[in-house]
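What follows is a set of notes on a single structure, which appears directly below.
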Amino acid sequence: MSTPPISSLVPELQRMCNELESLSHQTVAHRRKFQFVVSQFRQFIEMFAKNARSIPMSDEQVSAYREITEITRTYKTIFSCNLMNSWAHSALENHSNVTASDLCTIATRLQEISACLDPQASKMFDPASPQWLSYHILDLRSIAASFNQFLNQPIQNGKSDSTTKLMAERVKSINSFLKKFENEDIAPGVRVFSPIPIHYQTWRINHADLLEKSEIGSGVSAVVYFGNYLPTGEEVAIKKLKFKKLMGHKLETFQRELSILATATHPTILRFVGATDTPPFCIVTEWMPNQSLYHDIHKNRLLDETKRTIAMFDIARGMQFLHSQQIIHRDLKSLNVLIDKDGYTRICDFGFSRQVGGKDEIMTKNVGTPHWMAPELLTQSDSYDNKIDVYAYAIVFWELLTLKLPYQGLDPTQIVAQVMMNNMRPAIPASAPEGLANLISQCWERDPVNRPTFSEVVRSFRSGDILIPNADKDEVMRYINSIECTQEECQALEIESQLNSLPDDQDSTTFTKHLIEKLEKDGPTKDINILYRIWDHLKNLNNENSDETNILYARGLICLLNTQLNSKASAALRYLPSDILDHEIIMKTLEIFPTGDTVVDNDLIVIACKNNMADQAALRAIQVPHLKLALEICGQKGVDESIKSDIVNICVKLLTNADLTLVVACLRCLVGLNEARAINMKTISLHMQSRNQTLKLAAAVAAAEMAVEGIELSTDIIEMLSLKWNEPIAASVVISACDSPNIARHVLNMLNNETPPTPETILRIITVASRHSELRDQVLSALTNFKTNQTNLMKVARQLAENL
Numbered sequence: 001m002s003t004p005p006i007s008s009l010v011p012e013l014q015r016m017c018n019e020l021e022s023l024s025h026q027t028v029a030h031r032r033k034f035q036f037v038v039s040q041f042r043q044f045i046e047m048f049a050k051n052a053r054s055i056p057m058s059d060e061q062v063s064a065y066r067e068i069t070e071i072t073r074t075y076k077t078i079f080s081c082n083l084m085n086s087w088a089h090s091a092l093e094n095h096s097n098v099t100a101s102d103l104c105t106i107a108t109r110l111q112e113i114s115a116c117l118d119p120q121a122s123k124m125f126d127p128a129s130p131q132w133l134s135y136h137i138l139d140l141r142s143i144a145a146s147f148n149q150f151l152n153q154p155i156q157n158g159k160s161d162s163t164t165k166l167m168a169e170r171v172k173s174i175n176s177f178l179k180k181f182e183n184e185d186i187a188p189g190v191r192v193f194s195p196i197p198i199h200y201q202t203w204r205i206n207h208a209d210l211l212e213k214s215e216i217g218s219g220v221s222a223v224v225y226f227g228n229y230l231p232t233g234e235e236v237a238i239k240k241l242k243f244k245k246l247m248g249h250k251l252e253t254f255q256r257e258l259s260i261l262a263t264a265t266h267p268t269i270l271r272f273v274g275a276t277d278t279p280p281f282c283i284v285t286e287w288m289p290n291q292s293l294y295h296d297i298h299k300n301r302l303l304d305e306t307k308r309t310i311a312m313f314d315i316a317r318g319m320q321f322l323h324s325q326q327i328i329h330r331d332l333k334s335l336n337v338l339i340d341k342d343g344y345t346r347i348c349d350f351g352f353s354r355q356v357g358g359k360d361e362i363m364t365k366n367v368g369t370p371h372w373m374a375p376e377l378l379t380q381s382d383s384y385d386n387k388i389d390v391y392a393y394a395i396v397f398w399e400l401l402t403l404k405l406p407y408q409g410l411d412p413t414q415i416v417a418q419v420m421m422n423n424m425r426p427a428i429p430a431s432a433p434e435g436l437a438n439l440i441s442q443c444w445e446r447d448p449v450n451r452p453t454f455s456e457v458v459r460s461f462r463s464g465d466i467l468i469p470n471a472d473k474d475e476v477m478r479y480i481n482s483i484e485c486t487q488e489e490c491q492a493l494e495i496e497s498q499l500n501s502l503p504d505d506q507d508s509t510t511f512t513k514h515l516i517e518k519l520e521k522d523g524p525t526k527d528i529n530i531l532y533r534i535w536d537h538l539k540n541l542n543n544e545n546s547d548e549t550n551i552l553y554a555r556g557l558i559c560l561l562n563t564q565l566n567s568k569a570s571a572a573l574r575y576l577p578s579d580i581l582d583h584e585i586i587m588k589t590l591e592i593f594p595t596g597d598t599v600v601d602n603d604l605i606v607i608a609c610k611n612n613m614a615d616q617a618a619l620r621a622i623q624v625p626h627l628k629l630a631l632e633i634c635g636q637k638g639v640d641e642s643i644k645s646d647i648v649n650i651c652v653k654l655l656t657n658a659d660l661t662l663v664v665a666c667l668r669c670l671v672g673l674n675e676a677r678a679i680n681m682k683t684i685s686l687h688m689q690s691r692n693q694t695l696k697l698a699a700a701v702a703a704a705e706m707a708v709e710g711i712e713l714s715t716d717i718i719e720m721l722s723l724k725w726n727e728p729i730a731a732s733v734v735i736s737a738c739d740s741p742n743i744a745r746h747v748l749n750m751l752n753n754e755t756p757p758t759p760e761t762i763l764r765i766i767t768v769a770s771r772h773s774e775l776r777d778q779v780l781s782a783l784t785n786f787k788t789n790q791t792n793l794m795k796v797a798r799q800l801a802e803n804l
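Everything in the sequence shown is counted per the UniProt record's numbering, starting at 1 for the first residue and increasing by one.
What follows is the structure, given as structure tokens:
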């Protein structure tokens, strides 16, 4: 069997990159480095796509692709540790350099393994790039600022002494790093440690606190008991692991499960009671007396149509919460949704291989994971995202609608074949309401991109259009309306409502102002579909092409710069006409600079330079191309006087940079700002000897400007120029330098060299030198020795002598 062609990897790699980019926009800490990761990945894909051929992959290439997919999962894990709800814990528990070290190590590995796919493209993964250190320093400053803000608050009861102490130590560590490495070119390597998180100790319980009453299920790795948690007397489920020792992977798995259970606190998620930290290791959760949805569908029938509709709403909002915490369930199915004593559901994940208890065993033994698995999982691909849960949700919804087993009569192998080959899905009854049928169909779309998010599913329920036939709509809506919207959900609903109220008339300026004001106040939603609706509306607005609409358009685009549409927004801002955006608007774009995304950063620099804010861009730029552009524009158009000294300092500091084109930009900027006097004489002398003609010329122009500004050039520079009298710039610099009497005296003495300048140059030098009364005799001597066949020059010389 032949392997797929190399070119077939391009869309898969693009999808992985898009997923990483989406997650990077949600991170709070280390965001610039994460977006730099995405930027390098995207540059690799773009070059790889140009070179990829339609020839079968070798075994080595197949292996490389598999490892790349595994690495993207590692990236997701790292990114997820730095979201709003988790970054502080991660920053406190880990050394401040761990993330940077991990990312550089991964970049090294990516460069190595991708070489067999495309040797040139593999170089896009650059672990030695100086930008890693630059972005890391900026990221650490942000972390330290957040911690300092917390530490500077008045003492409160909620502040933990241990946490405060740890935070202060981390700030001290960060400051030490910044002080030592801010001016270094290479970041040092750091050993990675992973201690058990301190705050999870609050969930520790003792074996003596548990009373096991009866076994209710058994799996490969654990036995589950019904029992009591004695300190409270509550009924609990006790999952007792069969392993006597937890080491390596088993320890990591145990810790990961604890962290998810401890942080996933939500009314629709099975409540975590605690865990033991000595063998036999146990995980304890609340007890659900009415078994699972699967049991209810096929045996118990406790839930009527109304309760089943409410169950699907609760599962959707529970999954919405899990996904907001970057948790993918991976095994959502009717067996993993339990029912409490009041008929409400809880999502869980025991992962039993079988159920104990006679008839129940017969009922469940033929139910395999393929029934609920999305197509991307059936291919055994490691490339998947949280949309696999949306697919599984559709199957569970179908179960509750029909009260049947999905794919009845097919074994797991047949299900895989039918889903993959024929795109088979369970048949939706013709009697199902249109809204409900459409929702199920959308959720089990083959392409994950076309499946809705759980936020969108929840909003569908709130519309009142999603009901299982014969459900009591009033009761369902009373329940749904009793549940408060999440902040994100409410925000999305409000924006969607505004978009839906777009007036029919052509003048939508007032509407757009209100929409943009809301986006500026509350920030944009994360819902990609709503973001695209905002984008489409803004594009329509741009068609009007007036100053007022252009400014509105720009304000709207700025709101999208921190979203998944950031590259679209930055590109659109870049191509607006020059000089139409004011200081406030440009400053908003520069607030997020640098983003870590090379393309977006390029756009933001150009935007600033096109709107007379090159000086502000120069203050923030860290990459050579950005600095060059910004400083060139500063030299041409000038800078704000309040930050002029800062720009001058940047230029002076960069005059010894290894990138000669950047040095040229700095010299031109200093000359343009009339600040050539800030240049060190030795630096000018060095650059005037450069083999780079552009740099040599820029240095000479700077030297001339220094002379004009009254700076006395060194005799070394003058003698160097005297060897190149035939070059116009050399003669020009020497003539300007003669404004200094000392230099004029030195130059007059040099006119008798074996290779004197042209007669015209000699006469101009004598003319400038004649302004210094103390040089009268030396000037007269030079005029006496002045000889030329050019009558006009001799006439000027005689008149000059007579005047003296």
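All C-beta atoms, glycine included, are put in the ideal place defined by N, C-alpha and C.
Alpha-carbon to alpha-carbon, residue j and residue i
| i | j | result |
| --- | --- | --- |
| Arg798 | Ile743 | 24 Å |
| Leu538 | Asn500 | 14 Å |
| Val337 | His514 | 43 Å |
| Leu654 | Ala678 | 12 Å |
| Gly710 | Pro756 | 25 Å |
| Val224 | Glu70 | 32 Å |
| Val796 | Pro759 | 12 Å |
| Asn386 | Ser690 | 57 Å |
| Asn423 | Arg446 | 8 Å |
| Ala704 | Val652 | 17 Å |
| Leu686 | Ala769 | 27 Å |
| Val416 | Leu410 | 10 Å |
| Gln14 | Ser732 | 56 Å |
| Pro130 | Leu322 | 37 Å |
| Ile643 | Ile483 | 53 Å |
| Met794 | Asn657 | 48 Å |
| Ile6 | Ile45 | 12 Å |
| His25 | Gln35 | 8 Å |
| Ala801 | Ile729 | 27 Å |
Cβ shell of residue i (< 7 Å), same chain only, five flanking positions each side left out
| i | result |
| --- | --- |
| Ile605 | Ala617, Ala621, His626, Leu629, Ala630 |
| Arg776 | Leu804 |
| Gly318 | His266, Thr268, Ile269, Ile347 |
| Arg425 | Trp444 |
| Ala100 | Lys33, Trp132, His136, Ala187 |
| Met312 | Phe397, Leu400 |
| Phe147 | Met167, Arg170, Val171 |
Status (buried if at least 16 other CB within 10 Å, exposed otherwise) for residue i
| i | result |
| --- | --- |
| Glu19 | buried |
| Leu541 | buried |
| Arg53 | exposed |
| Leu117 | buried |
| Glu21 | buried |
| Phe786 | buried |
| Tyr575 | exposed |
| Gln506 | Bear in mind that a pLDDT of 49 at Gln506, under 50, signals an unreliable position, so the number given afterwards is only what the model happens to contain. Per the 10 Å Cβ criterion, exposed. |
Residues sharing a beta bridge with residue i, DSSP
| i | result |
| --- | --- |
| Lys240 | Val223, Cys282 |
| Ile234 | Before going on, a small fix: residue 234 reads as Glu here, not Ile. Bridge partners of Glu234: Tyr229. |
| Val768 | Answer by DSSP bridge pairing: none, since Val768 is not bridged. |
| Thr27 | Leu83 |
| Pro56 | Pro5 |
| Ile339 | Thr345 |
Any non-hydrogen atom of the ligand GTP within 7 Å of residue i CB
| i | result |
| --- | --- |
| Lys299 | Absence of the ligand GTP from the depicted structure is noted, as is the absence of any ligand whatsoever, leaving it without description. |
Own chain partners of residue i with C-beta closer than 8 Å, once the 5 adjacent residues on each side are dropped
| i | result |
| --- | --- |
| Pro4 | Pro56, Met57 |
| Leu502 | Ser508, Phe511, His537 |
Same chain, Cβ closer than 6 Å to residue i, neighbours up to 5 away in sequence not counted
| i | result |
| --- | --- |
| Glu399 | Ile297, Ser334 |
| Ala681 | Before going further, note that residue 681 is Met rather than Ala in the sequence given. Same-chain partners within the cutoff: Ser714. |
| Leu293 | Ser334, Val337 |
Next item on the list: Quick one: which unbroken alpha helix (DSSP H) runs of 4-plus residues sit fully inside the region 604-664? Chain order, please.
Entry: Along the region 604-664, the alpha helix (DSSP H) occurs as fully enclosed runs of 4 or more residues at 614-620, 624-637, 644-654, listed in sequence order.
Notebook entry, point to check: Taking only runs of the beta strand (DSSP E) that begin and end inside the region 264-327, which ones reach a length of at least 3 residues, in chain order?
Noted result: Fully enclosed beta strand (DSSP E) runs of 3 or longer: 272-275, 282-286.
Next item on the list: For the region 487-549, list the alpha helix (DSSP H) runs that are entirely contained and at least 4 residues long, ordered along the chain.
Entry: Fully enclosed alpha helix (DSSP H) runs of no fewer than 4 residues occupy 487-500, 509-522, 528-542 of the region 487-549, in order along the chain.
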